[in-house]
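Residues in the sequence shown are numbered from 118 upward in steps of one, following the numbering used here.
Beta carbons are placed, not taken as given, at the ideal position from N, Cα and C, and that holds for glycine.
What follows is a short report on a single structure.
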Amino acid sequence: MIRIDNKVALITGAAAGIGAAIAEHFSEAGAAVVVFDINGEGARRMEEKLRQSGRALAVIGDVSCEEDVKAAIEQTIREFRTLDILINNAGIEVAGPMIEMTSSDWDHQLNVNLKSVFLLAKYAIPHLRGHGGAIVNISSVHAFVSYEGNAAYDASKAGMLGLTRALALEHGRDGIRVNAICPGYIDTPMMDEWLRTQPDAAATLRQVLGVHPLGRIGTPRDVADAALFLASDAASFISGTFLVVDGAMTVAGH
Numbered sequence: 118m119i120r121i122d123n124k125v126a127l128i129t130g131a132a133a134g135i136g137a138a139i140a141e142h143f144s145e146a147g148a149a150v151v152v153f154d155i156n157g158e159g160a161r162r163m164e165e166k167l168r169q170s171g172r173a174l175a176v177i178g179d180v181s182c183e184e185d186v187k188a189a190i191e192q193t194i195r196e197f198r199t200l201d202i203l204i205n206n207a208g209i210e211v212a213g214p215m216i217e218m219t220s221s222d223w224d225h226q227l228n229v230n231l232k233s234v235f236l237l238a239k240y241a242i243p244h245l246r247g248h249g250g251a252i253v254n255i256s257s258v259h260a261f262v263s264y265e266g267n268a269a270y271d272a273s274k275a276g277m278l279g280l281t282r283a284l285a286l287e288h289g290r291d292g293i294r295v296n297a298i299c300p301g302y303i304d305t306p307m308m309d310e311w312l313r314t315q316p317d318a319a320a321t322l323r324q325v326l327g328v329h330p331l332g333r334i335g336t337p338r339d340v341a342d343a344a345l346f347l348a349s350d351a352a353s354f355i356s357g358t359f360l361v362v363d364g365a366m367t368v369a370g371h
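Laid out in structure tokens, this is it:
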């Protein structure tokens, strides 16, 4: 197993879903984990779980709020004295036809999914410099494969890839690696919520399974494995790229 002993990792949206899986996996691999989430109860529950076998800190806040982000970084440094890894995972999906979307809907989607990556990087990079820091942004296959009703989500995830490349270019000289992961369909609460909006959830799930050459949808641990690799020294010469974790769905043309 890849180890990241004595590293400090801040993970956004870590109270549930993919973020929770990354938090647990990183803790198992030896890292101290900062759980940064707007869900206070969930964040504290995850902190308690991680502290049973390692070091953890829950920070409650909104990733799209500059004051909250700045405070989260400050709390991390006060608690652990350093920061080695930033995982930008927090995200939401506001679905619906673009012309029916309000400006507030659009802004909310872009603020949580994209502005947050800018804010976290802005305040984390001064602490990541000079000691092999790593940033991993959790984007989506929606960055390059679009579906009806997902204009804002698709735009936010595509923007994450552009920002990933820009940050890798600007901060390679600081010894910071920046990469992205593009998950496909992953078995998370967000996917469950999406299925509940479908007229026939069971039929939709069968259809989703049918477009995966590997014959299954992904698990949060699949994404966590990819994140651990990219955050570790095993990926020491990988920067400015993205890793697709989708069971070959996109190469199958879906």
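Expected contact under 8 Å - CB spacing of residue i and residue j to nearest Å
| i | j | result |
| --- | --- | --- |
| residue 298 | residue 233 | Incorrect: roughly 16 Å between the Cβ atoms, too far for contact. |
| residue 127 | residue 203 | 5 Å |
| residue 307 | residue 210 | 6 Å |
| residue 173 | residue 222 | That pair is no contact at about 34 Å. |
| residue 364 | residue 312 | The Cβ separation is near 18 Å, so there is no contact. |
Residue i - partner residues in DSSP beta bridges
| i | result |
| --- | --- |
| residue 335 | 303 |
| residue 254 | 205, 297 |
| residue 359 | 297 |
Residue i and residue j closer than 7 Å at C-beta
| i | j | result |
| --- | --- | --- |
| residue 206 | residue 130 | yes |
| residue 160 | residue 137 | no |
| residue 247 | residue 230 | no |
| residue 176 | residue 149 | no |
| residue 155 | residue 305 | no |
| residue 285 | residue 357 | yes |
Where residue i falls: helix, strand or coil (DSSP)
| i | result |
| --- | --- |
| residue 131 | coil |
| residue 173 | strand |
| residue 325 | helix |
| residue 354 | coil |
| residue 278 | helix |
| residue 154 | strand |
| residue 368 | coil |
| residue 126 | strand |
| residue 149 | strand |
| residue 198 | coil |
| residue 219 | coil |
| residue 340 | helix |
Residue burial classification, residue i (beta-carbon count within 10 angstroms, cutoff 16)
| i | result |
| --- | --- |
| residue 216 | exposed |
| residue 354 | exposed |
| residue 181 | buried |
| residue 319 | exposed |
| residue 337 | buried |
| residue 201 | buried |
| residue 240 | buried |
| residue 327 | exposed |
| residue 118 | exposed |
| residue 123 | exposed |
| residue 164 | buried |
Near the ligand HEM: residue i beta-carbon under 6 Å from a heavy atom
| i | result |
| --- | --- |
| residue 352 | As for the ligand HEM, it is missing from this structure, which has no ligand bound. |
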